[in-house]
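In this note's numbering, the protein residues as written are -19 to 444.
Where is the CB? At the ideal position from N, CA and C, for every residue including glycine.
One structure below.
And the structure:
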C-alpha cells in the first residue's frame, strides 16, 4: 500500500465530520503517532490547508471519531483478513483508501446503530472524491462482498477457513478473530496455557473500562467515593481498591452528587487512572511505605500522585522524557499535593550515588497487558519479538543500576503493564541471581481470567 503523507492535504476535499477526522487520525497513526496523539491532532479541528486542523468538531462527531479510531485499531487484523478475502491484491491500494475500507468494515461489524447501506455509501463517496470512480467501484465491490458473507463474519469459525475453503489451524483463526498478531498469541499460549491465553485474547479485544481514583486528601473524599460507588451499583461498575471505582464502557457517570465529573476533577477531588494501576499499588503495599520514595520512571506521574494522595513521602520523580515529566508539578498543584522534585534522568544512569529510601520502577515495557486501551501497539510496526527482547535488556539494566543504589532495609518496587514472563517474573529472577543481597517480598499479577482488568505485574524486593 502506498504511503499516507502525500494524501493528508487531499483530505480537505472530504466533508468535515467524524469519519474524515478518523481517516486523518489513522493516517497519522501510520506515521508513528500513538492513537491518543493521532486523535488529539485530528480532533483539534477539521482539516485545512496542508492537512492542518483549524476548527473544533461538534462533540457528537468527536465521539464518533474516537470510537472509529480505537475500534479500527483494535480490530485491525480481523478487518484486514476480511478485506484480504474479497480483494485480489489489497497491498496495491493507496493507504488512505485502505483506511476508508477499514472504517466501513468496522461499521458493518460493530456499529449496530449505523445502517449497512449508510456505511457503504459513505465509504464509496469518500473513495470517489479522493481517487475517482474506478477505485470507488473497487471499494463498493469489496464492501458488498463482505456484506454477502452475512452473519458468518461474527463467528470464530469463519476466521479458521482460508480463502479457498481449506482449513487453517484453529489457533491462527482465534488470533485473527481476536485481532492479535500470531506471534503474540503463541507467546501467551506457551507462557500461560491455551485456556488462559484465550481469556487474555478476549480481554485485549474488549473495550476498556474507565478507572476513577478519589483524592484521599480532599475534604469531600469519603462522600465522593460513596457517591461514585453508588453510581457503580446503579449502572455497571465495581469498586477498585481503597479509593477507586471502575466503570464499564459508556457507563462513566456525567454527574456525581449533583456536580459534573469535570468540576470534581477541576477541584482536585479525583483523577482518571486505570483500575489495574490502582490495584498494583495496593497489592504491592506501596501505600504502606514509610520512607522517602524515588519514582525513577515517573512519566506523567500517575503512580507518584496516587501515593502522594495517601500520604506517602514521594520526594523525587525522574524520567528521561521531559515532555511527560514536566506535567507533574501542575498535576500536584491541581490536586493540592506536595510537589516532589523533578529531574530529567535516565534510570539506567541516574545522577545519584545512593538513595536512602524506597525506589519505584514503573518500567518501560511492551504494554501487552493494555492492548484494549492502547490498540495501536498491536501493529507489527510497533511491537515485534525483537522489541520485546530489547525491552527486557533495558529493564535488566535499570533494575541492576537502581538496586545498586538501595540502602539496607529499603525496597525496590518493579511494575509493568505487560503480559510477558521475560519482562516480568523472569526479569525479577535474573535480578535476584545477579544481586544475592536482595530478597523477594511480594509478587503480584492481574488474574488471567479477569474479564476486563488491565494486565499488570509487580514485585517488591528488599536489600538485606
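Whole-angstrom distance between residue j and residue i, CA atom to CA atom
i: residue 62; j: residue 156; result: 10 Å
i: residue 367; j: residue 47; result: 28 Å
i: residue 333; j: residue 273; result: 15 Å
i: residue 94; j: residue 44; result: 11 Å
i: residue 110; j: residue 234; result: 39 Å
i: residue 309; j: residue 282; result: 12 Å
i: residue 316; j: residue 394; result: 27 Å
i: residue 360; j: residue 12; result: 12 Å
i: residue 139; j: residue 91; result: 20 Å
i: residue 412; j: residue 369; result: 19 Å
i: residue 225; j: residue 312; result: 21 Å
i: residue 152; j: residue 176; result: 16 Å
i: residue 31; j: residue -5; result: Any reading at residue 31 must be qualified, since the residue scores a pLDDT of 49, below 50, and its modelled position is unreliable; no value is offered.
i: residue 444; j: residue 382; result: 15 Å
i: residue 56; j: residue 212; result: 31 Å
i: residue 154; j: residue 137; result: 8 Å
i: residue -7; j: residue 126; result: 27 Å
i: residue 253; j: residue 150; result: 37 Å
i: residue 54; j: residue 86; result: 10 Å
i: residue 171; j: residue 257; result: 23 Å
i: residue 161; j: residue 362; result: 11 Å
i: residue 227; j: residue 114; result: 46 Å
i: residue 58; j: residue 51; result: 11 Å
i: residue 402; j: residue 364; result: 14 Å
i: residue 197; j: residue 179; result: 37 Å
Helix, strand or coil at residue i [DSSP, three-state]
i: residue 432; result: coil
i: residue 275; result: strand
i: residue 269; result: coil
i: residue 61; result: helix
i: residue 314; result: helix
i: residue 322; result: strand
i: residue 0; result: helix
i: residue 141; result: strand
i: residue 166; result: helix
i: residue 395; result: strand
i: residue 240; result: strand
i: residue 292; result: coil
i: residue 31; result: Summary for residue 31: the model assigns pLDDT 49, below 50, so the residue's position carries little reliability, and this model does not support an answer.
i: residue 427; result: coil
i: residue 26; result: Below a pLDDT of 50, predicted positions are generally treated as unreliable, and residue 26, at 48, falls in that range; the measurement from the model is reported next regardless. The answer is coil: DSSP assigns residue 26 none of H, G, I, E or B.
i: residue 149; result: coil
i: residue 377; result: helix
i: residue -5; result: coil
N- and C-terminal bounds of the alpha helix (DSSP H) containing residue i
i: residue 182; result: 174 to 185
i: residue 126; result: 113 to 129
i: residue 303; result: 302 to 305
i: residue 408; result: 405 to 414
i: residue 387; result: From DSSP, residue 387 is part of no alpha helix (DSSP H); its letter is neither H nor E.
i: residue 80; result: 75 to 90
Opposing strand residues paired with residue i [DSSP bridges]
i: residue 419; result: 442
i: residue 52; result: Paired residue(s): none; residue 52 is not in a bridge.
i: residue 218; result: 226
i: residue 193; result: 224 and 251
i: residue 339; result: 274 and 392
i: residue 101; result: Answer is none; residue 101 lacks a bridge partner.
i: residue 298; result: 323
i: residue 235; result: 240
Interface flag, residue i vs chain C, CB-CB below 8 Å
i: residue 417; result: No chain C appears in the structure shown, which is made up of a single protein chain.
N-terminal and C-terminal residue of the beta strand (DSSP E) that residue i is part of
i: residue 158; result: Taken as a continuous stretch (DSSP letters only), residue 158 belongs to no beta strand (DSSP E), as it is neither H nor E.
**Q.** Inter-stretch contact (C-beta, 8 Å, three-pair minimum) for the segment 209 to 227 and the segment 186 to 193
**A.** yes
Q.
With three or more beta-carbon pairs closer than 8 Å as the criterion, would you say the segment 321 to 328 touches the segment 291 to 300?
A. yes
Q. Would you say the segment 106 to 122 touches the segment 67 to 79, given that touching needs at least three Cβ pairs under 8 Å?
A. yes
**Q.** Sufficient close CB pairs (3 or more, under 8 Å) joining the segment 232 to 250 to the segment 372 to 380
**A.** no
Q | At least 3 beta-carbon pairs within less than 8 Å: the segment 426 to 441 vs the segment 397 to 412 | A | yes
Q | Stretch-stretch touch, CB-based, cutoff 8 Å, three pairs: the segment 71 to 83 with the segment -10 to 7 | A | yes
Q: State whether the segment 336 to 344 contacts the segment 281 to 295, with contact taken as three or more CB pairs (one from each stretch) at a distance under 8 Å.
A: yes
Q. Are the segment 178 to 186 and the segment 346 to 360 in contact at 8 Å, needing three or more beta carbon pairs?
A. yes
Q) Do three or more CB pairs link the segment 243 to 250 to the segment 417 to 430 at distances below 8 Å? A) no
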